[in-house]
Amino acid sequence: MSEIVQSEPFVMNIGPQHPSTHGVFRVKATVDGERVVDAEMVLGYLHRSMEKLAEERTYTQNIPFTDRTDYLSSMSNNLGYCLAVEKLAGIEVPPRGQAIRVIMAELQRLASHCMGAGAFANDTGAWQTPIMWFMREREKILDIFEMTSGARLTCNYMRIGGVAFDLPDDFEEHVRALIGPLRETIADGEGLLSGNEIFLARARNVAVIPQELAVNASLSGPMLRGSGVAWDIRKADPYCGYEQYDFDIPIGYQGDAYDRFIVRLEEMRQSLRIVEQALEALPGGPHSTEVPLALRPPAGEAYARIESPRGELGYYLVSDEGPSPYRFHIRPPSLINLSVLKEMTVGGSIADAIVALGSIDIVVGEIDR
Amino acid sequence: MTRWWTGEELAEAAERLVPGSVARSTATACILEAEHAHEALRALRDDPETNFAHLSNLCGVDQWDRFEVVYHLQSLERNQVACAKVEAFDREEPSVASVVDIWHGAWIQESETYDLFGIRFEGHPNLQRILLWDGYPGHPLRKDFLAMPGGLQPGLNEFAGTAAKPEPPVRPVT
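Sequences listed follow chains U and W, in order. All residue numbers for the first sequence refer to our numbering, where the first residue is -9 and numbers rise by one. All residue numbers for the second sequence refer to our numbering, where the first residue is 103 and numbers rise by one.
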């Protein structure tokens, strides 16, 4: 006797409190059996209206807000905001300040990708071992941040015109001690995962983003490079003297979750190269220029962007010559990378949707702001 | 190095592609006429010389007398960035044409701009609040959001346009 089992779609909530959503984020997935037929995201659980708050505070007072947008890469956020204010006010940063910024931004990229790659391995079922290895290395980077800025997560280290304090005396020694073990950990992680049959089955050809869609949907960072577009703002529009350093842009070929993972691992190696070169050529001199505390930039607008670990992080500022920005807008890479979530998940299984979400490497503090 | 276009350069290109589409230009941005903006933006994306295939940023600005929608257009192949703006003057019901059919990634940024500024994007496939909840009174990034009726301050239970927190009902003692 044969019987046809009829299935009908039903709505399933993934999140907001679920480890695989990487924060307080919810996907309303309509599933038919095991297939996802529609995916709608629900945002705003972490909305703190930073853009409105920033309109009431001075330019310097806004720096700590940027720490709390993308809390896994606060140094990059500080940097993007300071660059936008410097562009608006026409402030030059001394060479030592620029080199320190580059070192900090790259260490932050390493810390963030450690988290991103480890969490992605977790999402694909490589439970705990890779993330433990990566977190062990990330811990050392956070120690260096604590040594330099006094904080581990919300560093608040960059200032308009440079950085808050000069590097401590034993900074270079600690960073050099970190580089070797981190290289080994990356190789270990890659050796464990990249050829692993289970990992390949989970990540290969899952959540494919074709190149045209990646460009058309304004994706950036590893999402764009994973789809084969060699676009990195550090190369295309160098800031803080990135043109002095020798590094490569890794790209993927298929645009699937696996490619994005591999791009992140390779970016970590390139970041280590940049850190080494920057330490080698660290110039002397002041680490910051004198900037008035109540800065009043001339009326106008400025848009500055950097390559944050998650992609193109832009700050759009409008000044009306007042002490606080007239308009303060963040272009959050996580939010815009999420705009293709439906294209990535519809048609796949629920398990693939988790992998797709993990491969975007979202930070919800940045999505909701 | 990225070439950052001045407003005049973008105005020249837009005028060449769609005559009559430019309202005026400033040092940094080119302001497009609202009725031709959609056509001009599409032409700027498709023209091989401008090639703005990547919409970098979309946001709104409240200038009191008008709303601006700011587009930062980017070309990955030619490595150039330009800034275009479209203005909406109606303070009650501001609306501009949606560009979701030109750049797919615009939908999420347009939803956010609608949520926080109340600017309607005509032609958006699914325009609804994205960060705040449905029924939230007002659009918080508008400059007059703090000027609330009755002198209310933002805070728990007291938002613009809402009445004060109702008194709990008095239950008779049984």
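Note that the Cβ used here is the ideal one computed from N, Cα and C, for glycine as well.
### Task
Let me know if D222 of chain U comes out buried or exposed under the rule of 16 or more other beta-carbons within 10 Å of its beta-carbon.
Buried, because 16 or more other Cβ atoms sit within 10 Å of the Cβ of D222 of chain U.
### Member of U:R259, U:E45, U:G70 whose CA lies at the smallest distance from the CA of D57 of chain U
The residue from U:R259, U:E45, U:G70 with its alpha-carbon nearest to that of D57 of chain U is U:G70.
#### Entry: Span separating the alpha-carbon of E136 of chain U from that of L262 of chain U
Roughly 19 angstroms between the two C-alpha positions.
#### Entry: Span separating the alpha-carbon of L78 of chain U from that of S197 of chain W
Roughly 29 angstroms separates the two Cα atoms.
### Query
Does any residue of chain U bring its CB to less than 8 angstroms from the CB of L178 of chain W?
Judged by the 8 angstroms Cβ criterion, L178 of chain W is in contact with chain U.
### Message
Please report the straight-line C-alpha distance between L203 of chain U and H206 of chain W, rounded to a whole angstrom.
### Response
The alpha-carbon atoms of L203 of chain U and H206 of chain W are separated by roughly 8 angstroms.
### Query
Can you list the residues of chain U that A155 of chain W reaches, using a CB-CB cut of under 8 angstroms?
Within 8 angstroms Cβ-Cβ: V205, N206.
### Query
At a Cβ threshold of 8 angstroms, is S329 of chain U touching chain W?
Closer than 8 angstroms to some Cβ of chain W, the Cβ of S329 of chain U qualifies, so yes.
#### Entry: I280 of chain W versus P212 of chain U - alpha carbon distance
Beyond the ends of chain W as shown, which are 103 and 276, falls residue 280 of chain W; an answer cannot be given.
### Query
Hey, how far is the Cα of P251 of chain W from the Cα of G240 of chain W?
Residue placement at P251 of chain W cannot be trusted, given a pLDDT of 49 that sits under 50; what the coordinates show is reported in the next sentence. When rounded, the distance between both Cα atoms is 12 angstroms.
### Query
Are the C-beta atoms of P251 of chain W and some chain U residue less than 8 angstroms apart?
Low per-residue confidence applies at P251 of chain W: pLDDT is 49, beneath 50, and the placement is therefore not dependable, though the value from the model is reported in the following sentence. Any Cβ of chain U closer than 8 angstroms to the Cβ of P251 of chain W would place that residue at the interface, and such an atom is absent.
#### Entry: Residues that Q88 of chain U bridges to, as DSSP identifies them
In the DSSP output, where bridge partners are listed per residue, Q88 of chain U has none listed.
### Strand pairing of F318 of chain U, partner residues [DSSP]
Partner(s): U:L307.
### Message
Against R215 of chain U, what residues of chain W qualify as contacts under a CB-to-CB distance less than 9 angstroms, listed in chain order?
### Response
Scanning chain W for C-beta atoms nearer than 9 angstroms to the C-beta of R215 of chain U yields nothing, as the closest lies near 11 angstroms away.
### Query
Can you name the residues that DSSP bridges to E270 of chain U?
For E270 of chain U, which the question treats as bridged, DSSP gives no partner whatsoever.
### Message
If the criterion is Cβ atoms closer than 8 angstroms, does the pair G179 of chain U and F237 of chain U meet it?
### Response
For G179 of chain U and F237 of chain U, no; Cβs fall outside 8 angstroms.
### Message
Tell me the rounded alpha-carbon separation between W117 of chain U and A155 of chain W.
### Response
Their Cα atoms are separated by approximately 40 angstroms.
### Query
Where does N327 of chain U fall in DSSP's three states?
In this structure, DSSP gives N327 of chain U a helical state, which the three-state scheme calls helix.
### Task
For G207 of chain W, go through chain U and note every residue whose CB falls closer than 8 angstroms to its CB, in chain order.
Residues of chain U passing the Cβ test: N206, A207, S208, L209, I326, S329, V330.
### Message
Suppose the cutoff is 8 angstroms on Cβ atoms and the five residues either side in sequence are ignored; what does the same chain contact list for W106 of chain W look like?
### Response
Excluding sequence neighbours, W106 of chain W sits near Q182, V183, A184.
### Query
Could one say the Cβ of I133 of chain W lies closer than 8 angstroms to chain U's Cβ atoms, at least one of them?
No, no contact with chain U.
### Query
Does the beta carbon of A113 of chain W sit closer than 8 angstroms to a beta carbon anywhere in chain U?
No, A113 of chain W does not count as interfacial toward chain U.
### Query
With which residues is Q(-4) of chain U paired in a DSSP beta bridge?
Its beta-bridge partners do not exist; DSSP assigns none.
### Task
Look up M2 of chain U in the DSSP assignment and say whether it is helix, strand or coil.
Secondary structure of M2 of chain U (DSSP, three-state): strand.
### Query
Which chain U residues sit within Cβ distance under 7 angstroms of V163 of chain W?
Taking a Cβ-Cβ threshold of 7 angstroms, the residues of chain U close to V163 of chain W are V308, R317, in chain order.
### Task
Count the C-beta pairs between the stretch 313 to 320 of chain U and the stretch 97 to 116 of chain U that are closer than 8 angstroms, then say yes if the count reaches three, no if not.
The stretch 313 to 320 of chain U, when compared against the stretch 97 to 116 of chain U, does not touch it at the 8 angstroms Cβ threshold.
### Message
Please report the straight-line C-alpha distance between G177 of chain U and L160 of chain W, rounded to a whole angstrom.
### Response
Per the sequence shown, residue 177 of chain U should be read as Ala rather than Gly. When rounded, the distance between both Cα atoms is 39 angstroms.
### Message
Determine, for H140 of chain W, whether the minimum Cβ-Cβ distance to residues of chain U falls below 8 angstroms.
### Response
Output row for H140 of chain W: interface = no.
### Task
Pull up the CB-CB distance for G115 of chain U and R192 of chain U, whole angstroms please, since I reckon it's below 8 angstroms.
About 6 angstroms; that satisfies the 8 angstroms criterion.
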